[in-house]
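Enquirer:
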Amino acid sequence: MRKIAVLTSGGDAPGMNAAVWAIIKLAAARDISVVGAEAGYDGLIDGNFQELTRELDEGGLAPVSGLDWLAGTGGTFLGSSRCPRFMEPEGRAEAAQRMSHAGVDGLIVIGGNGSLTGAHLLANECDVPVVGIPASIDNDVGGSTDAIGVDTALNTIIEACDRISDTARSHQRAFILEVMGRRSGYLAMAAAVAATADAVLLPEQPLDTDEILDQLESLLRRSFATDRSKRRVLIIKAEGVPTPTLLLADQLKERVADLDNVSVRTIVLGHLVRGGHPTFHDRLIAGRLALGALDALEARTTDVMVGWQSNIGTKTQDPQVSTVPLADMLVETEKLLDGTSDVTAMRMHLIREVQGVLAL
Ligand code: F6P
Numbered sequence: 000m001r002k003i004a005v006l007t008s009g010g011d012a013p014g015m016n017a018a019v020w021a022i023i024k025l026a027a028a029r030d031i032s033v034v035g036a037e038a039g040y041d042g043l044i045d046g047n048f049q050e051l052t053r054e055l056d057e058g059g060l061a062p063v064s065g066l067d068w069l070a071g072t073g074g075t076f077l078g079s080s081r082c083p084r085f086m087e088p089e090g091r092a093e094a095a096q097r098m099s100h101a102g103v104d105g106l107i108v109i110g111g112n113g114s115l116t117g118a119h120l121l122a123n124e125c126d127v128p129v130v131g132i133p134a135s136i137d138n139d140v141g142g143s144t145d146a147i148g149v150d151t152a153l154n155t156i157i158e159a160c161d162r163i164s165d166t167a168r169s170h171q172r173a174f175i176l177e178v179m180g181r182r183s184g185y186l187a188m189a190a191a192v193a194a195t196a197d198a199v200l201l202p203e204q205p206l207d208t209d210e211i212l213d214q215l216e217s218l219l220r221r222s223f224a225t226d227r228s229k230r231r232v233l234i235i236k237a238e239g240v241p242t243p244t245l246l247l248a249d250q251l252k253e254r255v256a257d258l259d260n261v262s263v264r265t266i267v268l269g270h271l272v273r274g275g276h277p278t279f280h281d282r283l284i285a286g287r288l289a290l291g292a293l294d295a296l297e298a299r300t301t302d303v304m305v306g307w308q309s310n311i312g313t314k315t316q317d318p319q320v321s322t323v324p325l326a327d328m329l330v331e332t333e334k335l336l337d338g339t340s341d342v343t344a345m346r347m348h349l350i351r352e353v354q355g356v357l358a359l
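According to numbering that gives the first Met the number 0, the stretch in the sequence shown is residues 0 to 359, in order.
(1) At the 7 Å Cβ level, is residue 11 part of the contact set with chain B, yes or no?
(2) If I'm right that residue 191 touches residue 18 with Cβ under 8 Å, what's the distance once you round it to whole angstroms?
(3) Between the segment 176-189 and the segment 210-220, do at least 3 Cβ pairs fall closer than 8 Å?
(4) Determine the extent of the alpha helix (DSSP H) in which residue 80 is found, giving its start and end residues.
(5) Who are residue 345's beta bridge partners in DSSP?
(6) List the whole-angstrom C-beta distance separating residue 194 from residue 234, where the pair is believed to meet the contact cut-off of C-beta under 8 Å.
(7) Taking its Cβ as the centre, do 16 or more other Cβ atoms sit within 10 Å of residue 164, making it buried, or is it exposed?
(8) Can you tell me which of 6, 207, 62 puts its alpha carbon nearest to the alpha carbon of residue 45?
(9) At what residues does the beta strand (DSSP E) containing residue 236 begin and finish?
(10) Note down, in chain order, each residue of its chain lying with its Cβ closer than 8 Å to the Cβ of residue 139, except the 5 sequence neighbours on either side.
(11) For the alpha helix (DSSP H) that residue 208 lies in, which residues bound it at each end?
(12) Should the segment 73-81 be called in touch with the segment 27-39, which here means at least 3 C-beta pairs below 8 Å?
(13) With a threshold of 6 Å (Cβ to nearest heavy atom), would residue 306 be considered close to the ligand F6P?
(14) Check for me: the beta strand (DSSP E) holding residue 4 runs from which residue to which?
(15) Spatial neighbours of residue 156 within its chain, please: CB distance less than 7 Å, with the 5 preceding and 5 following residues excluded, ordered by chain position.
(16) Cβ of residue 10 within 6 Å of any heavy atom in the ligand F6P?
(17) Examine the Cβ distances between the segment 116-133 and the segment 290-306 and report whether three or more of them are shorter than 8 Å.
(18) What's the C-alpha gap between residue 253 and residue 261?
(19) From the DSSP output, read off the bridge partner residues of residue 331.
(20) Run the CB neighbour count on residue 225, radius 10 Å, all protein chains shown included, and call it buried at 16 or more, exposed below.
(21) Return the chain-ordered ranges of every beta strand (DSSP E) run that is complete within the segment 233-274 and spans a minimum of 3 residues.
(22) In angstroms with no decimal places, state the Cα-to-Cα distance between residue 69 and residue 248.
(23) Is it the case that the CB of residue 135 approaches a heavy atom of the ligand F6P more closely than 6 Å?
(24) Look up residue 173 in the DSSP assignment and give the residues it is bridged to.
(25) Less than 6 Å between C-beta atoms, sequence neighbours within five positions excluded: which residues of the same chain meet that for residue 324?
(26) Quick check on residue 203: buried or exposed, where buried means 16 or more other Cβ atoms within 10 Å of its Cβ?
(27) Report the residue from 201, 4, 330, 62 whose alpha carbon sits nearest the alpha carbon of residue 47.
(28) Residue 8 and residue 114: beta carbons closer than 7 Å?
(29) Would DSSP call residue 203 helix, strand or coil?
(30) Would residue 24 and residue 102 qualify as a contact pair, given that the criterion is a beta-carbon distance under 7 Å?
(31) For residue 109 and residue 15, which I take to be in contact (beta-carbon distance under 8 Å), what is that distance rounded to the nearest angstrom?
Written out as structure tokens, the structure is:
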């Protein structure tokens, strides 16, 4: 293997840059040059590649100068996109041709389940080995306990919960705090435990608006009853729960209008949670998944993802990293999202067991 390409795709996740940096360093040390496709699959289709390694006068390769800040930064310096052209076979054929013209003989795709679906299709349609690395704050990639970015996102969320709790306690308020996650409630679920939230609303456990309101009303009445007089109620709601957060808050306010001195507020954390310096854990898994991905490419393994502490797949030289066929990853992902996976069932069971959290 002489030259590989790397790209980041879909929603950026803190630690993507750390993964790219690790790929560059590891590949250069093995005399493999690296190019980065700009803005995800768009760059692959348009042939927008940037050199990420350089030749040394004394022979051998090194990372291009001026990239040593990469590992500690959020976002993705290569840029990212959600690329509708890549969903069409013509787009993927163009990408395969571009790679062949550029002399690329291996591709690493860093992204979430949509991006890895694209990697799976490409792997089956071109001669170049394709390996995926899971990176998405949503933690909705089957076959990897953690995706790159999740730990940082959770740390940001719990810091926000702590801050909101300070102000909520000062005024005896209930807050509904919405976190990202598209179809996955993982961020809400994990944050609820760490922030000792009073309730969590998850798409994996669907309830209609009236059922949610009934439970929240009774939670507020219990919590703020005079013999208990809790100072704060924190309700974490996952983005994937269809009832809009503002509507929920308005209707809840009406239902508890008779409670003196109790108010309900909302906050949607949104994209704030996607940014920021990656945590130690995200940098760690970024480096080790990068090693697994490069090893897989060198072995000319294709159509796989490297997963962290995976429940499926084949162990690599790193006991925490497995190669998982992308087709199996997609099946696992669907089960994660529709709540039928053992992993989701266990998570739901554990959250029910955790004192202080009422999983609605
Ligand atoms: O997949 C990551 C994610 O941040 C989701 O949590 C969210 O639903 C989505 O991306 C937002 O996408 P965009 O950045 O395109 O608005």
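All C-beta atoms in this analysis are idealised placements derived from N, C-alpha and C, irrespective of residue type, glycine included.
Expert: Taking the geometry as given:
(1) Within the model displayed, chain B is absent; a lone protein chain is all it includes.
(2) Actually they do not touch by this definition, with Cβ atoms about 28 Å apart.
(3) With a cut-off of 8 Å, the segment 210-220 and the segment 176-189 do not count as touching, because too few Cβ pairs lie within range.
(4) Note, residue 80: premise wrong, no alpha helix (DSSP H); not H, not E.
(5) Paired residues: none, contrary to the question.
(6) About 11 Å separates the two Cβ atoms, so there is no contact after all.
(7) buried
(8) 6
(9) 231-237
(10) 111, 112, 146, 180, 181, 182, 183, 185, 332, 335, 336
(11) Where residue 208 is concerned, the enclosing alpha helix (DSSP H) stretches over 208-222.
(12) yes
(13) no
(14) 2-8
(15) 178, 186, 190, 268, 272
(16) yes
(17) yes
(18) 12 Å
(19) In the DSSP assignment, residue 331 is bridged to no other residue.
(20) With a threshold of 16 other beta carbon atoms within 10 Å, residue 225 falls short and is exposed.
(21) 262-267
(22) 41 Å
(23) For residue 135, the CB falls within less than 6 Å of some heavy atom of the ligand F6P.
(24) According to DSSP, residue 173 bridges with 232, 263.
(25) 303
(26) Buried, by the Cβ-count rule.
(27) 4
(28) yes
(29) coil
(30) no
(31) 6 Å
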